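See below for the structure under consideration.
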Amino acid sequence: MILHKIVEKSLNHPKSVVIIYALLTVIFLLQFSKISIDTDPENMLYNDEPARVAHREFKEEFALHDSIVVGVVDNTSPDGVFTADTLNRISDITKEIAVIDGVIAYDLISPTTTDDIEGSGGVLTIEPLMKGAVKGSSGALAIRDAALANPILKDMLVSGDGKAVAINVPIRQKQESYRISSEIEKIIKGHMGSEEYHITGLPVAEDTFGVEMFRQMALSAPLAGLIIFLLMLFFFRRVSLIISPMIVAMLSIIWVMGLLIGAGYKVHIMSSMIPIFLMPISVVDSIHILSEFFDEYRGGTGRKETFIKVFDKLMTPMLYTSITSTVGFASLALTPIPPVRVFGLFVALGIMLAWFFTLTFIPAFTMLMPERFLAGLVKKAGAGETKVGQDGLMRRAQEALGYLSLRRSRLVLIATLIIIAFSAYGISLMVVNDNPVYWFNKNHKIRVADRVLNQHFGGTYMAYLVLNGKTAGLVKKPETMRYIENLQRHLGTLEVVGKTTSIVDVVKKIGFELRDRKEGSAIIPRTSSAIAQYLFLYEMSGDPEDLYHLVDPDYKKAAIWVHLKRGDNMDMKSVMKSTEDYLLSNPPPPGMRAEWAGLTYINVVWQDKMVSGMRSALIGSFVMVLIIMVILFRSIFWGLISMVPLTVTIALIYGLVGWTGKSYDMPIAVLSSLTLGLSVDFAIHLVERTRQIYREKQNWTVTIEGIFDEPVRAIMRNAVVIALGFTPLLFAPLMPYKTVGVFMAAIMAVSALVTLVVLPSIMVVLKKRLKA
Amino acid sequence: MMKKIFLPMLLLLIIPSLSYALTADEIVERSNLAYYYAGDDGRADLNMRITDRRGRVRIREMTLLRKDIKDGGRQKFYVYFKKPSDVSRMVFMVWKQVKGDDDRWLYIPAIDLVKRIASSDKRSSFAGGVFTYEDVSGRRTSDDTHELLDDEQYNGKAVYVVKNSPKDTGEVEFSYYIARIDKKTFLPVKGEYYDKSGKLYRTISVDKTGLVDGIPTVLQATAENLSRGMKTTIEFKDVAYNVGIKERIFRERYLRRPPKEVKR
């Protein structure tokens, strides 16, 4: 067979193999310098995705920019930030922020730059809230009161409780938000008083995430490598045994990442996790080969022969475990989410590379090792049973598992069924949700800023409901205005909505101030010419471009700004659902259509795609793996049996997600592929070994008991190595990494347990009908 | 002997000062009078075309009446809007003051209301375009310090290049602006405004001039906001000077009942 030829070739030319790999690795390493990071949630959709195109067009049409929010609060003063000193400091800070390169100064929303309208004594004043230095506390409080009397500014610029101020800093490029926010921090440091400053906004979160991601990649993956190394050292006691599997892992990671970067892909949060996923998966095969090698090897010159023997035995299961893992990850290409696709395909590629390295590099490297390194191992291996005795804990666990499946097999199966039922219910409870801010730990400064700001203000998460009309001037009609007013009122009743703003608020505010704030005058005028003239008045006195964030210059379209308190997709989804219902029973004015835009909306779009995409990926890969299993074992029965561990594990893991209330988000979604790939490995090894033993012993009882020796030990070892290998992720400051770490350990534990307890139990129960 | 040396030296001193015969302050003062105070009064129909960054166009049409109370001093303006049609009959009136804020009124015909508008911000947009109030009614020459940088040929015209820096930087959005002023007519030719970080962000160019009643007159000007990608062109039509506009029409009650001069 060709694969065996490859092994032989590597055994015969070990030096060339190692040199070629070293050279290629250098080439792939060189690609790393081209790395660029992508943390833009919009990229969860393809660039030409209709929702995204529409969103971009909307932003361009209404001149809306990504912005950084600087929230100012002061808990030490009863008036919050509304003291002359604090306001003057905020004014100085704003001036300096305005000249930062990349800041769109003219769209800055701050007390000194944003116009307020005020009518009294027959005079209408349109001026920034704050002009020149504020004097005394009465001056400061007057500014607060003016802002609170302005429904457009209230809860956006000034908090509804009258204590805090938020400066909205629009920026040209969101890729620059980390730099700009760092400059803002520097400016703030030069003006500190008793007030606190909180910097947030989605672009900051994204960009900061990118920066942290770099750190994580440089830290977590090597740390995972180290832990895996130490664990294997603990199990196998010899550096010389585990050094080549570690090299195989490193090679696969470097090649895959080098290929990814070299091919021009940006490193997204998903692809940044490739090394961590590849590390344990790629170690596993080579460990199998090597431990088998040292079991067989008796020193002297027989290395080549030993390897050929080992590969004879393990080639098939190795090939199949690699193929199934590959299928598991490659199935992610069935999702319509670009970063998930890239992640899946490159992990799949990495697994196949690792498999190939195991075939070529491991024999070559071992051939080149001086005999004295191997001698020690042989002796140890020769000591035989002591190796098993060394880990007493493992031994006892092994016995307990054996007892359960051999003596209590019916109980085990009943318990499994109960667990499946329990999981099924849990899955029904599962909440699909994601929120980029949750990617940070609870006490990360971005999470803190997010909490503080959304507690004080109407909400920093923006969605836009655009009413799209066909005829010019439609928005200026009183009917349209009234429709928008009612729609806003409806949106305002939703708990997750903190505030809405539209052109109607501007018109009502102007009317109110024109009538010197007479009670009941904050209403929509009866004629469109009055509406037009109010708005023209604003154009004549304030910044006319203010209006064009809310309407288009032809007055065909109006955008309702919807402020959400949280960036949770489920919140946005509930708003969308409720709006849809409202629109059905209250259709918009003739010729008008309502459409959503904004990042919160985009997030919902890709999330929906992800959920349905993951479903087809899971089903697709399940079927593929089943077919592969049937081919491998040439038996439908054994094929089905080997699907049991992964089925139970996936069900239980997602059941637990549902029960604990943890949201089904992106990292959780891709875990199903990982589970699929890794759990089936255990099953393949177990089933394959079982059938080998049966062929020798021809007795099921003896066979099943025999499983609970070496095969079980190997599987347990693998499970522990992989599970613990992910523990460094638990200390990551980024939540997706943490999630993967926790679930990885759980997946390994569960699938190992199921493989070792449930599979033998099934065999015990079905003993009479089993065929090898 | 002394004379022979002295005379060329004297000439060397005199010749440059001849070409710079006027000081920067004088140039700016004369330009202000030529552009904003031509005749004792004046009228013009303004066609304003606002083009935004997406090429979307807004049209404004209005008639402007001006009465000088004192040359280089107080003035009164009456702006009667004709288009777009839903704002027609709106009137904007300004009493330009020498000290302190100008007085402004706005008449809103749809609700028949005259409102005084208090705004100390003369840098805000005029009628929604890139031109500001100051661009239309003139910026007080005493608000800036003036420095004559150069004289040069610009678009076939001999011009003075004057740098104007605001005395109160907190009042305005620019850090300075460079004006090119036609040496012959003293009409401005080009204005370039630099923002607080020193970047050119706004320009005004005079596209077309002509003689009206023997007075050099700007017939078309374009203002551009480079950072916003906006452009506004004003065309001045039916310009006339010394048409005998009475000061009494610049009163609240004439806002409701426009004078005959707007209806030409």
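Quick mapping for you: the protein sequence lines, in order, are chains A and B. The opening position of the first sequence corresponds to residue 1 in the numbering used here, with each subsequent residue numbered one higher. The opening position of the second sequence corresponds to residue 1001 in the numbering used here, with each subsequent residue numbered one higher. We treat Cβ as the ideally placed atom computed from N, Cα and C, and that holds for glycine. Remember, predicted model here, so these are calculated numbers, not experimental data.
Spatial distance of Arg-689 of chain A from Phe-361 of chain A (CA atoms):
The residue given as residue 689 of chain A occupies position 689 in the first sequence. The residue given as residue 361 of chain A occupies position 361 in the first sequence. The straight-line gap separating the alpha-carbon atoms of Arg-689 of chain A and Phe-361 of chain A is approximately 25 Å.
Nearest by alpha-carbon distance to Met-217 of chain A: which of A:Pro-760, A:Val-765, A:Met-744 and A:Pro-728 is it?
To locate residue 217 of chain A, count along the first sequence from 1; it is residue 217. If you compare the alpha carbons of A:Pro-760, A:Val-765, A:Met-744 and A:Pro-728 with that of Met-217 of chain A, the shortest gap goes to A:Pro-728.
Residue interval of the alpha helix (DSSP H) (run including Met-1062 of chain B):
On the second sequence, position 62 is the one that residue 1062 of chain B refers to. DSSP places Met-1062 of chain B outside any alpha helix (DSSP H); the residue lies instead in the beta strand (DSSP E), whose first and last residues are 1057 to 1068.
Which class does Asp-116 of chain A belong to by DSSP, given the choice of helix, strand or coil?
In the first sequence, counting from the first residue as 1, residue 116 of chain A sits at position 116. If DSSP states are grouped into helix, strand and coil, Asp-116 of chain A belongs with the strands.
Cβ shell of Ser-322 of chain A (< 8 Å), same chain only, five flanking positions each side left out:
As a working note, residue 322 of chain A is residue 322 in the first sequence. Apart from sequence neighbours up to five positions away, the residues of its chain that approach Ser-322 of chain A with a beta-carbon distance below 8 Å are Asp-285, Ile-351, Met-352, Ala-354 and Trp-355, ordered along the chain.
Cβ separation of Val-954 of chain B and Ile-1181 of chain B, assumed to be a contact under 8 Å, to the nearest whole Å
As displayed, chain B neither begins before 1001 nor continues past 1264, which places residue 954 of chain B out of reach and without an answer.
Runs of beta strand (DSSP E) lying entirely within the segment 451 to 483 of chain A, each at least 3 residues, in chain order:
Here the runs fully enclosed are 461 to 468.
With DSSP run on the structure shown, which of helix, strand or coil describes Pro-14 of chain A?
Counting from 1 along the first sequence, the entry for residue 14 of chain A is found at position 14. Helix.
Which residues in the same chain as Val-611 of chain A place their Cβ atom closer than 8 Å to its Cβ, once the five residues preceding and following it in sequence are excluded?
As a working mapping, residue 611 of chain A is identified with position 611 in the first sequence. Around Val-611 of chain A: Val-432, Tyr-664 and Ala-669.
May I ask you to report which of helix, strand or coil DSSP gives Gln-216 of chain A?
Stepping through the first sequence from its first residue, residue 216 of chain A is reached at position 216. Look at Gln-216 of chain A here: in three-state DSSP terms it is helix.
Straight-line gap, Gly-706 of chain A to Leu-23 of chain A (C-alpha atoms, nearest Å)
As a working note, residue 706 of chain A is residue 706 in the first sequence. As a working note, residue 23 of chain A is residue 23 in the first sequence. Whole-angstrom Cα-Cα distance: 45 Å.
Taking a cut of 7 Å between CB atoms, which residues from the segment 43 to 54 of chain A lie near chain B?
Within the segment 43 to 54 of chain A, no residue places its CB atom closer than 7 Å to a CB of chain B.
Start-end ranges of the alpha helix (DSSP H) lying completely within the segment 681 to 765 of chain A, minimum 4 residues:
Runs of the alpha helix (DSSP H) inside the segment 681 to 765 of chain A: 700 to 707, 710 to 725 and 735 to 753.
Go ahead and label Pro-1016 of chain B buried or exposed: buried means 16 or more other beta carbons lie within 10 angstroms of its beta carbon, across all protein chains shown.
Walking along the second sequence from the start, residue 1016 of chain B turns up at place 16. Low confidence applies to Pro-1016 of chain B: its pLDDT is 47, below 50, so where it sits in the model is not reliable, and the reading given next is rough at best. In the assembly as shown, Pro-1016 of chain B is an exposed residue. Its beta-carbon has fewer than 16 other beta-carbons within 10 Å.
Phe-346 of chain A versus Thr-358 of chain A - alpha carbon distance:
To locate residue 346 of chain A, count along the first sequence from 1; it is residue 346. To locate residue 358 of chain A, count along the first sequence from 1; it is residue 358. C-alpha of Phe-346 of chain A to C-alpha of Thr-358 of chain A: approximately 18 Å in a straight line.
Exposed or buried, what is Asn-168 of chain A when buried is set at 16 or more other beta-carbons lying within 10 Å of its beta-carbon?
Position 168 of the first sequence, counting from 1, holds the residue named residue 168 of chain A. When all chains shown are included, Asn-168 of chain A counts as buried.
Phe-122 of chain A CB to nearest chain B CB: under 8 Å?
Counted from its first residue, the first sequence places residue 122 of chain A at position 122. As written in the sequence, residue 122 of chain A is Gly, which differs from the Phe given in the question. True, the Cβ-Cβ gap to chain B drops below 8 Å.
May I ask you to list the residues that DSSP assigns as paired with Lys-174 of chain A?
Counting from one through the first sequence, the residue named residue 174 of chain A turns up at place 174. Beta-bridge pairing links Lys-174 of chain A to no other residue.
Indicate whether Lys-34 of chain A and Ile-269 of chain A have their beta-carbon atoms separated by less than 8 Å.
Walking along the first sequence from the start, residue 34 of chain A turns up at place 34. Walking along the first sequence from the start, residue 269 of chain A turns up at place 269. Contact: no.
At the level of alpha carbons, what is the spacing between His-490 of chain A and Tyr-582 of chain A?
Counting from one through the first sequence, the residue named residue 490 of chain A turns up at place 490. Counting from one through the first sequence, the residue named residue 582 of chain A turns up at place 582. In this structure, the alpha-carbon of His-490 of chain A lies about 8 Å from that of Tyr-582 of chain A.
C-alpha gap between Ala-746 of chain A and Val-720 of chain A, whole angstroms
On the first sequence, residue 746 of chain A is found 746 positions in, with the first residue counted as 1. On the first sequence, residue 720 of chain A is found 720 positions in, with the first residue counted as 1. C-alpha separation (whole angstroms): 11 Å.
Relative to the alpha-carbon of Ile-446 of chain A, which residue among A:Leu-417, A:Ser-181, A:Val-625 and A:Asn-47 has its alpha-carbon at the smallest distance?
As a working mapping, residue 446 of chain A is identified with position 446 in the first sequence. Selection A:Leu-417, A:Ser-181, A:Val-625 and A:Asn-47 evaluated against Ile-446 of chain A yields A:Ser-181 as nearest (Cα-Cα).
Would you mind working out which of B:Phe-1077, B:Thr-1051 and B:Glu-1261 sits nearest Glu-1134 of chain B, comparing C-alpha positions?
Translated into the one-based positions of the second sequence, residue 1134 of chain B becomes position 134. Residue B:Phe-1077 holds the alpha-carbon nearest to the alpha-carbon of Glu-1134 of chain B among B:Phe-1077, B:Thr-1051 and B:Glu-1261.
Is it buried or exposed, Glu-399 of chain A, if we count other Cβ atoms within 10 angstroms and call 16 or more buried?
Working through the first sequence from its first residue, we reach residue 399 of chain A at position 399. Around the Cβ of Glu-399 of chain A, a 10 Å sphere holds fewer than 16 other Cβ atoms; the residue is exposed.
Going by DSSP, name the residue or residues bridged to Phe-1092 of chain B.
Residue numbering aside, residue 1092 of chain B sits at position 92 when the second sequence is read from its first letter. Answer by DSSP bridge pairing, in chain order: B:Val-1079 and B:Leu-1106.
Going by beta carbon distance, what residues of the same chain come within less than 8 Å of Asp-66 of chain A, once the five residues before and after it are set aside?
Along the first sequence, one-based indexing puts residue 66 of chain A at 66. Closer than 8 Å at Cβ, skipping near neighbours: Pro-170, Ile-171, Lys-174, Ser-177, Gly-201, Leu-202 and Pro-203.
Ile-289 of chain A versus A:Ser-272, A:Gly-520, A:Ile-308 and A:Leu-278, residue with shortest Cα-Cα distance:
As a working mapping, residue 289 of chain A is identified with position 289 in the first sequence. Closest option to Ile-289 of chain A, Cα to Cα, is A:Ile-308.
For Met-1 of chain A, count the other beta carbons within 10 Å of its own beta carbon; 16 or more makes it buried, fewer makes it exposed. Which is it?
Numbered from 1 along the first sequence, position 1 holds the residue referred to as residue 1 of chain A. Exposed: under 16 other Cβ atoms inside 10 Å.
Starting from Val-507 of chain A, follow the alpha helix (DSSP H) in both directions and report where the run begins and ends.
Locating residue 507 of chain A in the first sequence gives position 507, counting from the first residue. Looking at the DSSP string, the run of the alpha helix (DSSP H) that includes Val-507 of chain A is 503 to 514.
For Leu-474 of chain A, I'd like the list of residues in its chain whose CB is within less than 8 Å of its CB, leaving aside the five on either flank, ordered along the chain.
Reading the first sequence from its first residue, position 474 is the one you call residue 474 of chain A. Closer than 8 Å at Cβ, skipping near neighbours: Thr-480, Tyr-555, Lys-556, Pro-589, Gly-591 and Met-592.
Identify the residues that DSSP records as bridge partners of Leu-564 of chain A: which are they?
Your numbering for residue 564 of chain A matches position 564 in the first sequence. According to DSSP, Leu-564 of chain A bridges with A:Tyr-461 and A:Val-497.
DSSP three-state label for Val-1136 of chain B, please.
Translated into positions along the second sequence, residue 1136 of chain B becomes position 136. Three-state DSSP puts Val-1136 of chain B in a helix.
Along the segment 210 to 234 of chain A, where does the CB come closer than 9 Å to a CB of chain B? Name the residues.
So the list is empty, because no residue satisfies the distance condition.
Alpha-carbon spacing of Ser-529 of chain A relative to Ser-1085 of chain B, whole angstroms
Start at 1 with the first residue of the first sequence, and residue 529 of chain A comes out as number 529. Start at 1 with the first residue of the second sequence, and residue 1085 of chain B comes out as number 85. Answer to the nearest angstrom: the Cα atoms are 9 Å apart.
Answer yes or no: does any C-beta atom of chain B fall closer than 8 Å to that of Leu-514 of chain A?
Position 514 of the first sequence, counted from the first residue, corresponds to residue 514 of chain A. Yes, contact with chain B.
Boundaries (first-last residue) of the beta strand (DSSP E) holding Pro-1216 of chain B
For the purposes of this step, residue 1216 of chain B is taken as residue 216 along the second sequence, with counting starting at 1. Run containing Pro-1216 of chain B: 1215 to 1225, per the beta strand (DSSP E) assignment.
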